[in-house]
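Asker: First the structure, then my questions, so here it is.
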Amino acid sequence: MTDEILIAQVQRAFVAAANQVHVNTPVGVVAPAAGGGRKPSGRWASAQRWSLPAAAAAAVVMLLATGVFFWHQNQKVATATQVSISGNVADVGGIRFPVPPGWDVAVTKSDANAVHVCVAITLTPECDGVQMDIAVPGWFGNTVVLSTGTLPMFDQCPAGVTGGHIVMTDDHNPIEVAGRPGNHYWGYCGNSSAVSHLWQLDDLSLLIYSPPGRYAAQISAIVAGLNLTQWAHHQGPQAAFFTSGSTATPTS
Amino acid sequence: MSSARPPQTRPTEMVLAETEPATGAAKLHREHYVSLVRMAALMTDSRSLAEEIVQDAFAEFIARSSQVQPVAALGYLRKSVANRARSALRRRRTARNYRPSPRGPAAAADETVLRAAGFDLILRAVADLPIRQRQVMVLRYYSGASISETAAALGISTAAVTTSTHRALRALAPLKDDLR
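Residue numbers (the working numbering), protein chains in the order written: chain A, 98 to 349; chain B, 2 to 181.
Here is the structure:
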């Protein structure tokens, strides 16, 4: 082998070995981006640079906020529907009241805004006993008003009977219900029909009522022993107004 | 590379971009960076070390670019790379001599430069050459430098280049039979 052949072999070896060296070329100088357009500069470049992270951050914040909202809603309802009975005192979401001897308490219905409670000897969905409609407290205990759709139950007249529906309130209204402004209504259909009772808070966050002609003593006892100090629902502005008074006394 | 080199506070490519209009350093970098790294790798057997050497060479070139004629720029870079590679090899060989391992030095993970398939024998023989001869071989037969360019890059005379080339080829001559 002559020197020329040896040199050629050395050259081939060098080329082959050099090709094994994969160099990380600095992109900014050696390999400009395809297209070669001017890079945006200044505030526009900064806006472009941050737009994607900002959008991602906003999406994350929205997801978190939505998650927190639904979590809080679930927590509120879960708290509002918690029922415990200790001795003869029941606690429904912080509202405490005496339970008549031999009676029981249960939440029969609830949604994001209201909880329906039945206090009765035998608990049924129709609830033959004293009933409560309780507003679920809003954010941080803010007041929530119950739907006035609950009130028509106070119509004492059977279907087809009109003109005899009478609703009375106590002369000394407004009264206090468990230390909060409230009202006591009682009504009947004509002079001889059975009387039912309704106590409510003036902010329409709590209604307690009984069926016509039944459980007057029990509902009175429940209202008399009502304790709202542990209830998360703050007292709200007046939503129900006293319209007329009567010296008449409910007969049952 | 070594702890003795001056601290480099800014990436080379950034400095290059700023000085491009005045010196053409970016053009040199773009056109010769890869080949210089490969040349250094052939001299040192280490890609990472080679990259570091070339980066340092460019940094030095930029710092002194006003003193370098444009036509001599590539030669300046070759010389800088060769000097740094030689220094690195000397340090490495000194370290090897003092390493207590009875089985000899273990190759670094990226020291696989001279192991191209089919050329192991000749590349190993080149790696065993004295540093000067090895550098002459790389400059002459990889970089395509002339004798005078090689002499300039290594800071030696053209006669010394010729002698080193001759001695290197004589050292590789026993491989003739194996390479045939």
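Glycine is no exception: its CB is placed at the ideal position from the N, C-alpha and C atoms.
From the DSSP secondary-structure annotation, give me the bridge partner or partners of A/Gly-279.
Answerer: In DSSP, A/Gly-279 forms a bridge with A/Ile-272, A/Leu-298.
Asker: Alpha carbon to alpha carbon, how far is A/Gln-335 from A/His-281?
Answerer: When rounded, the distance between both Cα atoms is 15 Å.
Asker: Which word fits B/Arg-92, buried or exposed, when buried means at least 16 other C-beta atoms lie within 10 angstroms of its C-beta?
Answerer: Under this definition B/Arg-92 is an exposed residue.
Asker: Please report the distance separating the alpha-carbon of A/Ala-156 from that of A/His-331.
Answerer: Whole-angstrom Cα-Cα distance: 33 Å.
Asker: Rounding to the nearest angstrom, what Cα-Cα distance links A/Pro-197 and A/Ala-162 in this structure?
Answerer: Looking at the two C-alpha atoms, the distance is approximately 44 Å.
Asker: Using the three-state DSSP reduction, which class does B/Val-72 fall into: helix, strand or coil?
Answerer: Helix.
Asker: Can you tell me which of A/Val-204, A/Ala-211, A/Ala-232 puts its alpha carbon nearest to the alpha carbon of A/Cys-224?
Answerer: When each option's Cα is compared against that of A/Cys-224, the closest is A/Val-204.
Asker: Note down, in chain order, each residue of its chain lying with its Cβ closer than 6 Å to the Cβ of B/Ser-144, except the 5 sequence neighbours on either side.
Answerer: Excluding residues within five positions, the ones whose Cβ falls inside 6 Å are Met-40.
Asker: Can you tell me which of B/Ala-26, B/Leu-50, B/Tyr-142, B/Glu-53 puts its alpha carbon nearest to the alpha carbon of B/Val-72?
Answerer: Nearest of B/Ala-26, B/Leu-50, B/Tyr-142, B/Glu-53 to B/Val-72, Cα basis: B/Ala-26.
Asker: Against chain C, does A/Leu-160 count as a neighbour if the rule is that its beta carbon must be under 8 Å from one of theirs?
Answerer: Chain labels in this structure do not include chain C; the protein chains are A and B.
Asker: Helix or strand or just coil, what does DSSP make of A/Phe-111?
Answerer: DSSP places A/Phe-111 in helix when its eight states are reduced to three.
Asker: Using CA atoms only, rank isn't needed, just tell me which of B/Ser-47, B/Ala-60, B/Thr-45 is closest to B/His-30.
Answerer: The shortest Cα separation from B/His-30 among B/Ser-47, B/Ala-60, B/Thr-45 belongs to B/Ala-60.
Asker: I want to verify the contact list: residues of chain A whose CB lies under 8 Å from the CB of B/Met-44, in sequence order.
Answerer: Under the 8 Å cutoff, chain A gives no residues; its nearest Cβ is about 11 Å from B/Met-44.
Asker: Determine the closest residue to B/Ile-175 out of B/Ala-152, B/Ala-126, B/Thr-163, with distance taken between C-alpha atoms.
Answerer: A small fix is needed here, since residue 175 of chain B is Pro in this sequence, not Ile. Of the candidates B/Ala-152, B/Ala-126, B/Thr-163, the one whose C-alpha sits nearest the C-alpha of B/Pro-175 is B/Ala-126.
Asker: Going along chain A in order, which residues have a C-beta closer than 9 Å to the C-beta of B/Val-82?
Answerer: By Cβ distance, chain A contributes nothing, its closest Cβ being about 13 Å from B/Val-82, past 9 Å.
Asker: Here's a check: name, in chain order, each residue in its chain whose Cβ is nearer than 6 Å to the Cβ of A/His-169, leaving out the five neighbours to either side.
Answerer: There are no such residues.
Asker: With a Cβ-Cβ cutoff of 8 Å, do A/Val-174 and A/Val-189 count as a contact?
Answerer: Against a cut-off of 8 Å, the Cβ pair of A/Val-189 and A/Val-174 comes out as no contact.
Asker: Quick one: what does DSSP say B/Gly-156 is sitting in, helix, strand or coil?
Answerer: Residue state, collapsed to three classes: coil.
Asker: What does B/Ile-123 reach in chain A if we use C-beta pairs closer than 8 Å?
Answerer: The contacting residues are Gln-106, Val-107, Ala-110.
Asker: Where does B/Ile-148 sit, in a helix, a strand or coil, going by DSSP?
Answerer: Correct three-state label for B/Ile-148: helix.
Asker: May I ask you to list the residues that DSSP assigns as paired with A/Pro-195?
Answerer: Bridge partners of A/Pro-195: A/Val-186.
Asker: What residues from chain B crowd round A/Leu-103, counting only those whose CB sits closer than 9 Å?
Answerer: Residues of chain B passing the Cβ test: Ile-123, Leu-170, Leu-173, Ala-174, Leu-176, Lys-177, Leu-180.
Asker: Please state whether the Cβ-Cβ distance between A/Leu-304 and A/Leu-243 is less than 8 Å.
Answerer: Contact flag set, yes.
Asker: Whole angstroms is fine: what's the gap from A/Ala-193's alpha carbon to A/Gly-322's?
Answerer: With the sequence shown as reference, residue 193 of chain A is identified as Arg, and Ala is not the correct amino acid for it. Their backbone Cα atoms lie some 8 Å apart in a straight line.
Asker: Please classify A/Val-227: is it buried, with 16 or more other beta-carbons within 10 angstroms of its beta-carbon, or exposed?
Answerer: With 16 or more other Cβ atoms within 10 Å, it is buried.
Asker: Got a sec: is the Cβ-Cβ distance from B/Ala-108 to anything in chain A below 8 Å?
Answerer: The pLDDT assigned to B/Ala-108 is 48, lower than 50, so where the model puts this residue is not dependable; a value taken from the coordinates is nonetheless given after this. Chain A contact via Cβ: absent.
Asker: With a threshold of 16 other CB atoms inside 10 Å of the CB of A/Glu-101, please say whether the residue is buried or exposed.
Answerer: By the 10 Å Cβ count, A/Glu-101 comes out exposed.
Asker: Beta carbon of A/Tyr-306, beta carbon of A/His-294: below 8 Å?
Answerer: Closer than 8 Å, so yes.
Asker: Could you check if B/Ala-153 is buried or exposed, using at least 16 other CB atoms within 10 Å of its CB as the buried criterion?
Answerer: Its Cβ being crowded by 16 or more others within 10 Å, B/Ala-153 is buried.
Asker: If you run the structure through DSSP and keep just helix, strand and coil, what is B/Tyr-77?
Answerer: Looking at B/Tyr-77 - three-state DSSP - the assignment turns out to be helix.
Asker: Starting from A/Thr-266, follow its DSSP beta bridges and name the residues at the other end.
Answerer: Paired residue(s): A/Tyr-282.
Asker: Can you find a C-beta in chain A that's less than 8 Å from the C-beta of B/Arg-48?
Answerer: Cβ-Cβ to chain A under 8 Å: yes for B/Arg-48.
Asker: Name, please, each residue of chain A whose Cβ falls closer than 8 Å to the Cβ of B/Tyr-143.
Answerer: Within chain A, the residues near B/Tyr-143 are Gln-108, Phe-111, Val-112, Ala-115.
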